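Report on the following structure.
In the numbering used here, the protein residues as written are 316 to 1039.
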């Protein structure tokens, strides 16, 4: 069986082998294989198993309900059919074995697109470090922006209190509550203490512990009135009312944002001062994001306890879901000095500066640990606010970017296999009240992440340099190709006037150019091009995006339409529009009487005299502009409306002649015929109530007959010339 092959590969004492078995006993190592629109879940073979219970839910749901399947003890596979692409699922498998119940979790899906939603991070940098490392801090901010983070920077000055800092962070959080996901504390940021706890089990170490979760728990009540304990060996753990240390041993409510810390103060085992250690951390942080550090996708575990708490179950479950069971190696932690692993775990009897059989702060100062993400566990050093602390020191060695005291309680990293970041895993672990196996110390205030919470595991190769050119109000984007081998294309993002990012492409494009039209003059546009890769892990597949290649442009001019028109001619109840609009090729006219037109220069006859608001909307392919004019349409003098038959014009339509007759023997003094532009083309003085006019010389079209006499009247006629 697969787990035995791993043991045969490694050289272990019988004690170590027995200790590692505790972690395997209490864990189920689940992987997922994609088969068309199905997922084949599999797990390791195990002895003396009476059965397996399979639970399924949509990712993010609470509670597991009843099993969707109960399998025999000799079964190591379960086929899940009807999987919808671009949906995240979560499974729990419980193994009922003679020795113990084992549990495993996996977040899975097929071709999951996380899409884009604004996400914000509060970046708190201690002022001294900000002044000493301005380029590195600026690069970090740019790296975050390149990964579509909205960065909210705070420069912390050491004469401020943790209460003042928390207040500033709360202001940002509540002003941007829908997007703030994480906070990264860089430098010597105030350490908050809370509770009366002793998660490492030592009575001399029971008291207040460091609590970075204080900065991430935004709306709970933190009090300093009740805790009263001074039994710990060190006074910093003493907790009495009014001393500035809080009462709460558990988070008062769910932690709202993930907090990570990179603090290199009081690490004098290292020859480099604080600012150089921080610089080195930020350098390798950048290199990892840009693919310059790319460890093999595998995990190493050394767990030197023999407890049935199975401290390393955090690693056993997660690493299997990341890489597959065959890439989880139970080996000596010391091998990381010469061999590279993306993830690692080490546990042993501890003190503030080390763990038995794993390493210590002095060794970290002299060695280079080749693992990007690690977990460490042992006595005392989970209390990380001590000089030369082992947990913090890990960030100063080799390629290590993150660390967590994982064992009490269990940490939950498995969603990272599907593209989630360290911050997500931190919140899941801090807020786990029993939805997952917790271990001892669930929801206690000591649960903390060392390192940058925005980091994820996998970064495709970013595109090369991006150029943006203004072409008459349109942005022409051109970029150099990414060297990513399994690239699916590129996604384009845009941020206008720093108001928020929008994904411009619905599916990845393979071209190296993109034209963004319909831009506003005077606006600044920031563009981001990101490589897209279909990432395949032991948990499933998802669209993974690289950091961005970025550039911006200010649009000096744009083809904005300008709507304008005038009325031409003297039409009484007729509107004749002369369209004076610019930069437009589509028009919509509303004549204010329920009628409309899309002609360029429309003609419209009103049924009744009155004041009408004429609206013109002029558009091009990008924008539109609107103008309104109120025009009074009246028949001059005491004229009647043209449909009351006071004036008769017939035939209508006409060809060669028309007869004009008024009722009640109203005498006609003058007859005028006007064309559609309002020009008088025929005018005769008369003294009769009836007249036949020769119109054979008029072209086909619409005309207005205006009769002046005792009363003035108008009538529309149509001339239809016969086609010979």
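Note that beta-carbon positions come from the ideal geometry of N, C-alpha and C, so glycine has one too. Quantities reported herein were computed from a predicted structural model and do not represent experimental measurements.
Three-state class that DSSP yields for residue i in the structure shown
i: residue 679; result: helix
i: residue 777; result: coil
i: residue 956; result: Unreliable positioning characterises residue 956 in this predicted model, as indicated by a pLDDT of 35, which lies under 50. A coordinate reading is not provided.
i: residue 645; result: strand
i: residue 800; result: coil
i: residue 591; result: helix
i: residue 913; result: coil
i: residue 598; result: helix
i: residue 871; result: coil
i: residue 692; result: strand
i: residue 731; result: helix
i: residue 707; result: helix
i: residue 788; result: coil
i: residue 738; result: helix
i: residue 965; result: strand
CA-to-CA distance, residue j to residue i, given in whole angstroms
i: residue 487; j: residue 570; result: 16 Å
i: residue 984; j: residue 938; result: 52 Å
i: residue 533; j: residue 444; result: 26 Å
i: residue 875; j: residue 836; result: 8 Å
i: residue 712; j: residue 755; result: 29 Å
i: residue 400; j: residue 770; result: 25 Å
i: residue 602; j: residue 683; result: 16 Å
i: residue 685; j: residue 655; result: 5 Å
i: residue 616; j: residue 381; result: 33 Å
i: residue 551; j: residue 851; result: 47 Å
i: residue 1030; j: residue 840; result: 57 Å
i: residue 794; j: residue 828; result: 7 Å
i: residue 1035; j: residue 1000; result: 25 Å
i: residue 675; j: residue 705; result: 6 Å
i: residue 986; j: residue 996; result: 11 Å
i: residue 893; j: residue 962; result: 29 Å
i: residue 413; j: residue 635; result: 23 Å
i: residue 698; j: residue 338; result: 24 Å
i: residue 555; j: residue 494; result: 37 Å
i: residue 394; j: residue 567; result: 41 Å
i: residue 377; j: residue 750; result: 7 Å
i: residue 805; j: residue 460; result: 17 Å
i: residue 792; j: residue 807; result: 9 Å
Assigned exposure category for residue i - 16 Cβ within 10 Å defines buried
i: residue 625; result: buried
i: residue 1020; result: buried
i: residue 1007; result: exposed
i: residue 512; result: buried
i: residue 796; result: exposed
i: residue 736; result: buried
i: residue 507; result: buried
i: residue 586; result: exposed
i: residue 1041; result: What the structure shows of the chain is the stretch from 316 to 1039, and residue 1041 is not part of that stretch, so it cannot be assessed.
i: residue 501; result: buried
i: residue 462; result: buried
i: residue 363; result: exposed
i: residue 560; result: buried
Proximity of residue i and residue j at Cβ, strictly below 8 Å
i: residue 668; j: residue 714; result: no
i: residue 666; j: residue 687; result: no
i: residue 866; j: residue 842; result: yes
i: residue 604; j: residue 774; result: yes
i: residue 396; j: residue 353; result: yes
i: residue 928; j: residue 909; result: no
i: residue 691; j: residue 709; result: yes
i: residue 398; j: residue 425; result: yes
i: residue 438; j: residue 594; result: no
i: residue 383; j: residue 391; result: no
i: residue 992; j: residue 891; result: yes
i: residue 662; j: residue 619; result: yes
i: residue 745; j: residue 528; result: yes
i: residue 826; j: residue 799; result: no
i: residue 733; j: residue 854; result: yes
i: residue 913; j: residue 903; result: yes
i: residue 466; j: residue 452; result: no
key: Uninterrupted beta strand (DSSP E) stretches inside the stretch 322 to 402 (no shorter than 3 residues)   = 346 to 350, 353 to 357, 364 to 373, 384 to 387 and 392 to 395
ask   = Taking only runs of the alpha helix (DSSP H) that begin and end inside the stretch 482 to 570, which ones reach a length of at least 4 residues, in chain order?
value = none
inquiry  = Extract the residue ranges of the alpha helix (DSSP H) inside the stretch 612 to 668, only unbroken runs of 4 or more that lie entirely within it.
reply    = 628 to 638
query = Unbroken beta strand (DSSP E) runs of length 3 or more, entirely within the stretch 444 to 475: which are they?
reply = 464 to 471
task = With a floor of 3 residues, list each beta strand (DSSP E) that falls wholly inside the stretch 968 to 1011, ordered by position along the chain.
result = 972 to 977, 983 to 989, 995 to 1003 and 1005 to 1009
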